[in-house]
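Numbering (the working numbering), first residue to last: 18 to 190. Even for Gly, the Cβ is constructed at its ideal location relative to N, Cα and C. One structure is given below, encoded as structure tokens.
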């Protein structure tokens with residue numbers, strides 16, 4: 018499996034076509050789908066479709082959502098990555114989700130910081146954005162801790178989403 022990025026405790030890997038059960042385990046509960054996809058748990062079919070999309074995205078522009086495993090024991094802990102949000106504007110979006118059992122361990126902040134540095138360092142773009150559900154205060158906190166600043170909110174999926182950005186000039190050497 019191709020390693021994309023390593024942080025202190027996490028390894029980011031490319032998805033394999035047969036790993037939809039991992040995504041299903043991640044997004045098949047009300048708690049883990051609360052702030053995305055209309056709050057509905059993902060079906061196995063949707064998980065398979067997303068895996069295929071993430072593999073295609075990687076092939077198209079070099080960024081996507083990656084499988085995240087713990088470096089210590091290789092267990093699947095979540096998904097995180099960067100996707101092209103607006104092709105015309107070449108606007109990229111940071112996103113992540115971790116297993117409920119892994120919440121509160123700092124993985125989201127570690128993943129966000131690592132992905133931001135990787136993305137901006139590779140020169141994919143000089144700016145990165147992220148959205149959160151308006152009630153997802155934990156994610157808003159993570160994005161601020163990762164160095165992102167809040168900008169004008171956007172209408173996403175029928176709600177006004179707090180929106181964050183960070184640019185290459187914001188990264189301290």
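Contact between the region 117 to 127 and the region 25 to 33 is present: 3 or more CB-CB pairs across the two stretches fall below 8 Å. Residue nearest to residue 110 within the set 81, 88, 89, 93 is 81 (criterion: CA-CA distance).
Note on residue 131: 16 or more other CB atoms within 10 angstroms of its CB, so buried under the neighbour-count rule. Looking at the DSSP output, residue 166 sits in a beta bridge with 182. For residue 134, the uninterrupted alpha helix (DSSP H) segment begins and ends at 124 to 139.
Going by DSSP, residue 110 is part of the beta strand (DSSP E) stretching over 108 to 115. Residue 145 and residue 157 have their C-alpha atoms some 15 Å from each other. The C-alpha of residue 172 lies about 9 Å from the C-alpha of residue 179.
The shortest C-alpha to C-alpha distance from residue 119 to any of 19, 167, 93, 147 is the one to 93. Rounded to whole angstroms, the Cβ separation of residue 64 and residue 37 is 4 Å, and the two are in contact under 8 Å. Contact between residue 169 and residue 181 fails: their C-beta atoms lie close to 11 Å from each other, not under 8 Å.
Nearest neighbour of residue 184 by Cα position, chosen from 175, 147, 116, 128, turns out to be 147. When secondary structure is reduced to three states using DSSP, residue 100 falls in the strand class.
Contact check for residue 32 and residue 72: beta-carbon distance about 6 Å, within the 8 Å limit, so the pair qualifies.
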